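Asker:
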């Protein structure tokens, strides 16, 4: 059979293929285009027998899609690791069967980019807050802090459980603090709640080009305001990884 | 457009990593993007994808013990009780030190063939719940 298959990166408008082909990240990664009507799939040859998922594979997927988005070309990112058997499948099945829908998705991303905000707690600050706010937590902390780690297991488990739940509540409130100032500058957003002692949230925002400065300023203000408790990292502008999974409500 | 040094108009508290690290890449692209299986009549080629075990949340005794351990690392227990604001100000910079996300460890496992020592310290975990987002039907 075939010892070559096709890795699918994403979908762009057929009219943008020339711009995409100009990008060095595209040629470096062997990316080609397959066109059908108004849309084109971006693909690269891949040996289907090799193991996949190495660092280079992850980085290529991210670099190609973000490189295209960075020059203002709207691209619908396809899920990492998607491989079709041959180009006719790409064209006649993947593209042709859904051409209108792909064109609509691409159009909905034109003039927009994703930003991803990663928020983590400064653990010491937040745990101190939690201990101070809850008398039972304070009591259990005092009880267990000075005994050996294998003593008072029941109390330690109870302490940990209370702290975990207190952090859940705190996260919910803090997530509102994060999204509130940023939502006015975004068309859509998605939040993934963090876990553990220092996870707060990951939030993806779809931002119009015209709102970028306002969005970035709002994020900078937020970082300054929260800096004693929260560490904020902003990635972007990026390809719209978080906004293409099902029928996008925002595109109507 | 994206430059390596960070321009900050205000106090410089917002981090703008460029380029972003591998953990950021993993979080950005895994379980994201269009699932083309739903849209093609043909099958995807089943390439062997290395396991990236970054998405398991275990709510268990073990997890709760880790929360207790983290809480008890706070030097709050003093004979007379320390003023907590002092503790917070002094300690706020060290909170994130030495932390690696579950995603980094999961990816390390995949791409380097495992570094089991680090896994003992902290389980690989990521969020279990998603807010304000439609679950993809699959």
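Protein chains in written order, with the working numbering: chain A, 516 to 767; chain B, 5 to 142. Virtual Cβ for every residue (Gly too), placed ideally from N, Cα, C. Quantities reported herein were computed from a predicted structural model and do not represent experimental measurements.
1. What are the residues that DSSP puts in a beta bridge with residue 629 (chain A)?
2. Are there 16 or more other CB atoms within 10 angstroms of the CB of residue 651 (chain A), so buried, or fewer, so exposed?
3. Would you mind stating whether residue 649 (chain A) and residue 682 (chain A) have Cβ atoms separated by less than 9 Å?
4. When you compare only the Cα positions, how much space is there between residue 31 (chain B) and residue 540 (chain A)?
5. May I have the straight-line CA-CA distance separating residue 577 (chain A) from residue 690 (chain A), to the nearest angstrom?
6. Whole angstroms is fine: what's the gap from residue 572 (chain A)'s alpha carbon to residue 668 (chain A)'s?
7. DSSP three-state call for residue 560 (chain A): helix, strand or coil?
8. Could you work out which residue in A:666, A:598, A:747 and A:574 is closest to residue 734 (chain A) when comparing CA atoms only?
9. Label residue 47 (chain B) either buried or exposed according to how many other C-beta atoms from any shown protein chain fall within 10 Å of its C-beta, with 16 as the threshold for buried.
10. Which chain A residues sit within Cβ distance under 7 Å of residue 37 (chain B)?
11. Could you check the C-alpha separation between residue 619 (chain A) and residue 602 (chain A) for me, to the nearest Å?
12. Which parts of the segment 652-738 of chain A are runs of the beta strand (DSSP E), unbroken and 3 residues or longer, counting only runs that do not cross its ends?
13. Would you check if the distance between the CB atom of residue 745 (chain A) and the CB atom of residue 659 (chain A) is smaller than 9 Å?
14. In chain order, what are the residue ranges of uninterrupted alpha helix (DSSP H) at least 4 long that sit wholly in the segment 580-649 of chain A?
15. When the Cα atoms are used, what is the spatial distance from residue 518 (chain A) to residue 580 (chain A)?
16. Name the DSSP beta bridge partners of residue 550 (chain A), please?
Answerer: Based on what the coordinates show:
1. Here residue 629 (chain A) refers to the residue found at position 114 when the first chain is read from its first residue. Looking at the DSSP assignment, residue 629 (chain A) forms a beta bridge with A:721 and A:753.
2. Mapped onto the first chain, residue 651 (chain A) falls at position 136. Exposed, by the Cβ-count rule.
3. On the first chain, position 134 is the one that residue 649 (chain A) refers to. On the first chain, position 167 is the one that residue 682 (chain A) refers to. Against a cut-off of 9 Å, the Cβ pair of residue 682 (chain A) and residue 649 (chain A) comes out as no contact.
4. Indexing the second chain from 1 puts residue 31 (chain B) at position 27. Indexing the first chain from 1 puts residue 540 (chain A) at position 25. Approximately 21 Å, taken between the alpha carbons.
5. Taking the first residue of the first chain as 1, we reach residue 577 (chain A) at position 62. Taking the first residue of the first chain as 1, we reach residue 690 (chain A) at position 175. Near 26 Å, if we compare the C-alpha coordinates of residue 690 (chain A) and residue 577 (chain A).
6. Counting from one through the first chain, the residue named residue 572 (chain A) turns up at place 57. Counting from one through the first chain, the residue named residue 668 (chain A) turns up at place 153. Straight-line Cα distance between these residues: approximately 44 Å.
7. Here residue 560 (chain A) refers to the residue found at position 45 when the first chain is read from its first residue. Of the three classes helix, strand and coil, the one that applies to residue 560 (chain A) here is strand, per DSSP.
8. In the first chain, the residue the question calls residue 734 (chain A) occupies position 219. Considering only A:666, A:598, A:747 and A:574, the residue with the shortest C-alpha distance to residue 734 (chain A) is A:747.
9. Counting from one through the second chain, the residue named residue 47 (chain B) turns up at place 43. Residue 47 (chain B) is exposed by the Cβ-count criterion.
10. Counting from one through the second chain, the residue named residue 37 (chain B) turns up at place 33. Neighbours of residue 37 (chain B) on chain A, chain order: 592, 593, 594, 595, 756 and 759.
11. Translated into positions along the first chain, residue 619 (chain A) becomes position 104. Translated into positions along the first chain, residue 602 (chain A) becomes position 87. Approximately 23 Å between the Cα atoms of the pair.
12. Taking only runs of at least 3 residues, the beta strand (DSSP E) segments lying wholly in the segment 652-738 of chain A are 703-708 and 714-723.
13. Sequence index remark: in the first chain, residue 745 (chain A) carries index 230 (1-based). Sequence index remark: in the first chain, residue 659 (chain A) carries index 144 (1-based). When the beta-carbon positions are compared, residue 745 (chain A) and residue 659 (chain A) stay at least 9 Å from each other.
14. Counting only runs that start and end inside the segment 580-649 of chain A, the alpha helix (DSSP H) elements of at least 4 residues fall at 614-624 and 638-648.
15. Numbered from its first residue, the first chain carries residue 518 (chain A) at position 3. Numbered from its first residue, the first chain carries residue 580 (chain A) at position 65. Rounded to whole angstroms, residue 518 (chain A) and residue 580 (chain A) show a C-alpha spacing of 26 Å.
16. Here residue 550 (chain A) is taken as the residue at index 35 of the first chain, counted from 1. Paired residue(s): A:555.
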